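Quick notes on the structure that follows.
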């Protein structure tokens, strides 16, 4: 990558599979990071192990990202205490694979809170924190929001809403040079996907759905997020980037 990473950045869900790899990439590039996750001890341990050119470059906070008001207030505090924030990535999310009639109200609500409501808080906070300086906001969708995949109703609904939220925000805040983009992965080998990847039969079935015949790796997705947060992507906004091994766009030939 020829461009530069942001001077300062926020990552929510920083201890997850993709969030942690993104943090490692940005830290190695010299970005000062404000990291948030639910488990404070795990977050502090992760932050202390980051490969960074200088010591003391990062700050951490335990946060319930499903509360948009908490997220918005935390971004505002961080912006004031940590210096101007140039990029934000919301790596908080979940995977729910159930048909709609077997998905409870509680599961639908939890899915919306982990995926859509976290993103609403990020958009609100970013809109206020970045209005003077501009910046990049990366939200996460899913390949299932762009292709009809059975048993994905809850997550497809939540992530489809995230894409629409980002697109509208991109239009609203373009005059302030605040950029909003989404990344829509296929199934990635993260701890959150263990319910699928931990079952050999389910894993092989998932691999077969991807045209490239394998699942994604966290660092592959993190590399795209890091690019969107860098100066190389300064003319990119309102886009949804599929990184899914062909899942959402390629129909595989049936073997006879």
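In our numbering, the protein residues as written are 42 to 297.
Where is the CB? At the ideal position from N, CA and C, for every residue including glycine.
Fair warning: this is a prediction, and the values are worked out from it, not measured in the lab.
At 4 residues or longer, and completely inside the stretch 245-287: list those alpha helix (DSSP H) runs for me, N to C.
The alpha helix (DSSP H) runs lying completely inside the stretch 245-287 and spanning 4 residues or more are 259-269, given in chain order.
Could you give the uninterrupted runs of the alpha helix (DSSP H) lying entirely in the stretch 117-192, keeping only those of 4 residues or more?
146-153 and 159-170
Could you tell me whether the stretch 43-54 touches the stretch 272-289, using the rule of 3 or more Cβ pairs below 8 Å?
yes
Could you tell me which residues DSSP puts in a beta bridge with residue 66?
Mapped onto the chain shown, residue 66 falls at position 25. Paired residues: none, contrary to the question.
Under the three-state reduction of DSSP, which class applies to residue 59: helix, strand or coil?
Within the chain shown, the letter at position 18 stands for residue 59. Helix.
Tell whether a beta-carbon distance below 8 Å holds between residue 225 and residue 289.
What you label residue 225 is simply residue 184 of the chain shown in a count that begins at 1. What you label residue 289 is simply residue 248 of the chain shown in a count that begins at 1. The answer is yes: Cβ separation under 8 Å.
Supposed close pair residue 76, residue 49 - CB separation, criterion 8 Å:
Residue numbering aside, residue 76 sits at position 35 when the chain shown is read from its first letter. Residue numbering aside, residue 49 sits at position 8 when the chain shown is read from its first letter. Residue 76 to residue 49, Cβ: 12 Å. No contact.
Go through its chain and collect everything with a Cβ distance to residue 61's Cβ below 7 Å, but skip five positions before and after it.
Taking the first residue of the chain shown as position 1, residue 61 is located at position 20. Contacts found: 55 and 87.
Identify the continuous beta strand (DSSP E) that holds residue 221 and give its terminal residues.
The residue you call residue 221 lines up with position 180 of the chain shown. Note, residue 221: beta strand (DSSP E), 219-226.
DSSP state of residue 82, grouped into three classes?
For the purposes of this step, residue 82 is identified with residue 41 of the chain shown, where counting begins at 1. Correct three-state label for residue 82: helix.
What is the residue span of the alpha helix (DSSP H) that residue 208 lies within?
Taking the first residue of the chain shown as 1, we reach residue 208 at position 167. Looking at the DSSP string, the run of the alpha helix (DSSP H) that includes residue 208 is 194-214.
Cβ-based neighbour list, residue 237, same chain, cut-off 8 Å, excluding 5 preceding and 5 following:
The residue given as residue 237 occupies position 196 in the chain shown. Correct list, in chain order: 136, 138, 228, 243, 244 and 247.
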